[in-house]
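Notes follow once the structure below has been shown.
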Amino acid sequence: MSVTYHRASWNNLFNSSFEVSNNECSCLSGRHLDGFTLPCHIVAFQHKSRHAVLPRVPRPSFMQRKFLPSSLFIRAHPRVISPNSRYPVKGLRFVSSSTSSNSKSSFSARTTTFFALGSALIGGLLGFSFAYGPQSSVSAPPTSLSTKTVTKPRYGSAEDFQKAIEELKRTFPDEDTVSTNPEDVYNHGFSVNDYHPGISHSVVVYPSSTEDVVKIVKIATKYRMPITAYAGATSLEGQFRGYSTGGICIDMSQMNRILEINEADSDLVCQPGVGWVEINDTLREKGIPLFFPIDPAPSATLGGMISNGCSGTNAVRYGTSKGEWFLNVTVVLPSGEVIKTRRRSRKSSAGFDTTKLFIGAEGTLGIITEVTIRLTPVLPTTVAVVHFPDVRKATEAVRDVMNTGVGIQCVELLDDVFMHAINNFGQSGRTWPIKDTLFFKLQGHNHASLLESAKVVKEVVKKHGGFDFQLARNEKEADDLWHDRKNAHYSGLALVPGSRPIATDVCVPVSRLPDLVYETKQDLSTLGLVAPIVGHVGDGNFHAQIMFTNEAELATAKVVVERMVHRAIAMDGTCTGEHGVGLGKKQYLVEELGAGTVELMKTVKRALDPLGLFNPGKVMCSPGR
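Numbering that gives the first Met the number 0 applies: residue 0 is where the sequence shown begins, and numbers increase by one.
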């Protein structure tokens, strides 16, 4: 049904009576509003060429006549019910016919009505602050959270940036804390692991505490200088690239201490520069039978892992960083305020889950300076390997194995190209069949349970053409088998001499993975590219390591990546399973999430970072944001 609009003067609107119930505004009277029920999600206030929002329940100061907007737009979603027709209406808009005719006598009615509406409207009071400068007016019904144009943030000049650097050096007189060494700033803005645009940062600062980060943020705000946080440098989508104006890179490597280990509670408190490998090594050295199961690249650190929303080979059993593994984070906001998102208890239903607000935000909303993580018991594991005639049969076998409910900690697919690469690399103690292969890491409470799981897996994979099923006979053999899987990346690099890789990932529902992998391999074959494929197939996630030796092949590789992404989204999947968005995947977010969801993300960004200083240009496509 088409959108319906209802015109009402401010007198008519504000002389109406409303009651609030179940997040809906029910209009009980009013000549133009009779009987309409408004599930109010969005309210934007238009005043000439500017837009304002009330971030909290309106205060009396907002009721002053000079601040009253000329028009009120309400987007009713999912429906507005008319008692006369009983037909759903998709939208409702109130438009002032003449604000100049508003009299003083109507002011008290406006005030009363605003407060009556407050609790119902507050959840949808979204828009822009006057601080953003002139905006275009709304001339059409909203189709997403906002239809307004955002001007590019105004950053400081080169002279301002130089003043900021000088103030940083005065604030941190230790010469090792602030670096403008050309090699240092270059290395912090570029990576051999990706091929996205960017420039060097202007300065690199190495804080040692939350207080140091606050000082840096306040200086950056004073001179309007962009800030990019830098962690383990394992990101693949340009997350720590320098912005076009230059800026401050905050290297968190000096904030690398484990602060508390609470064995009885199975949790640990640390700074963001600590690596997950270091955490697990420390627990093992102390004889604590716990570990942190999120396992991306070995040099990844907690701050970057949170910011990218990463995962790893253990995701099929333990989930991703967007699960419950991060109990809380301490964050320095763009305002310089320090917050802690929650307490240390295992669960809490107190308000919004603000911890997750920063997971996957890639440093665009705040800088993480401390984190509390959950730990889990170390259980016995073993490794099994089985080969298949093709990728489709292998991925179908994984689907059926997972549905048996056996104890699987990891299940990894290495295609025939990768198995050839492992043989060619020469680091394995065996020669593998050049076939699509599954590596299972089985988990159980004891040796007997591992054997039982292996028996179930062997029976299932055999039904899908699996052959040469090998089960490790002891712990050393299990480590050796799994070592070949962990060496896959380096094996792939050695496959084409003189080549470089584009590493990309997508994720789809497990049932669609066979189609996606098969079609991607067809693309690669048709275009003549070599690209070993490895997948965390138990959760529908796979990676292609596309090799290229020249610019023409690089351009072709980017076409393959784009096709992978569009296929994945069409299959109800995602453009990135665990690499994050950064610069490389942000153009796909509207296609994947929808314009309304992306606009909501932008609204949160603008609310927390009105100057657009934190890692600008990453995650979302928007002018300067």
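Glycine included, every Cβ here is placed at the ideal spot set by N, Cα and C.
In this text the structure is predicted, and so the values were computed from the model without any measurement.
| Query | Result |
| --- | --- |
| Pull up the CB-CB distance for CYS574 and GLY539, whole angstroms please, since I reckon it's below 8 Å. | So it is not a contact: roughly 13 Å between Cβ atoms. |
| In the DSSP assignment, the beta strand (DSSP E) including ILE372 goes from what residue to what residue? | 366-373 |
| Which parts of the segment 396-433 are runs of the beta strand (DSSP E), unbroken and 3 residues or longer, counting only runs that do not cross its ends? | 407-413 |
| Can you tell me which of THR363, PRO271, GLY365, MET401 puts its alpha carbon nearest to the alpha carbon of VAL509? | MET401 |
| Can you tell me which of the three DSSP states TYR587 falls into? | helix |
| Roughly how many angstroms lie between the CA atoms of TYR194 and THR503, to the nearest whole one? | 11 Å |
| How big is the Cα-Cα spacing for ARG605 and ILE367? | 19 Å |
| Distance, Cα to Cα, GLU259 vs PRO181? | 37 Å |
| From GLY497, SER306, GLY406, pick the residue whose C-alpha is nearest to that of LYS617; which is it? | SER306 |
| Compute the Euclidean distance between the alpha carbons of LYS584 and ARG472, then round it to the nearest angstrom. | 43 Å |
| Tell me, which residues are paired with GLY274 by DSSP? | THR300 |
| Rounded to whole angstroms, what's the CA-CA distance from VAL683 to GLY465? Just pull it up for me. | This structure cannot speak to residue 683, because the chain is shown only from 0 to 624. |
| Would you say ARG342 and VAL268 are within 9 Å of each other, going by their C-beta atoms? | no |
| For the structure I just gave you, are there three or more beta carbon pairs, one from the segment 438-448 and one from the segment 389-408, closer than 8 Å? | yes |
| Could you spell out the range, first to last residue, of the alpha helix (DSSP H) harbouring TYR205? | It is not in any alpha helix (DSSP H) - TYR205 carries neither H nor E in the DSSP assignment. |
| Can you give the beta carbon distance from LEU528 to THR555, rounded, assuming they're within the 8 Å contact cut? | 6 Å |
| I'd like the list of long-range same chain contacts for VAL459, defined as Cβ closer than 7 Å, with 5 residues on each side in sequence excluded. | ALA396, ASP399, VAL400, THR403 |
| Does the segment 224-244 come close enough to the segment 553-570 to have 3 or more Cβ pairs within less than 8 Å? | no |
| Thinking ILE215 and VAL204 are a contact (beta carbons under 8 Å), I'd like their distance in whole angstroms, please. | 6 Å |
| Measuring straight from C-alpha to C-alpha, what distance separates THR176 and LEU607? | 27 Å |
| Have a look at PRO496 and ASN549 and give me their C-alpha separation to the nearest angstrom. | 12 Å |
| Compare the beta carbon distance of ILE164 and ASP266 with 9 Å and say whether it is the shorter of the two. | no |
| Put TYR229 into one of helix, strand or coil per three-state DSSP. | strand |
| Going by DSSP, name the residue or residues bridged to ALA502. | GLN544 |
| Grab me the residues of LEU588's own chain with a C-beta within less than 6 Å of its C-beta, minus the 5 sequence neighbours each way, in chain order. | VAL597 |
| Using the three-state DSSP reduction, which class does PHE357 fall into: helix, strand or coil? | helix |
| Give the range of the alpha helix (DSSP H) segment to which ALA487 is assigned. | 487-492 |
| Considering only the alpha carbon of each residue, which of GLY188, TYR317, PRO295 lies closest to CYS309? | PRO295 |
| Can you pull the DSSP bridge partners for ILE164? | Looking at the DSSP assignment, ILE164 forms no beta bridge with any residue, so it has no partner. |
| Give me the DSSP bridge partner(s) of ASN180. | Answer by DSSP bridge pairing: none, since ASN180 is not bridged. |
| Which residue spans inside the segment 309-336 form an unbroken beta strand (DSSP E) run of at least 3? | 325-331 |
| Taking DSSP as the reference, what is the three-state secondary structure of LEU437? | strand |
| Should ILE421 and ASP522 be called a contact, given that it needs their Cβ atoms to be closer than 9 Å? | no |
| Quick one, are the C-beta atoms of GLN253 and SER207 less than 9 Å apart? | yes |
| Using a threshold of 9 Å, state whether the C-beta atoms of VAL603 and LEU332 are closer than that. | no |
| In the DSSP assignment, find the unbroken alpha helix (DSSP H) run with GLY595 in it and report its ends. | 594-607 |
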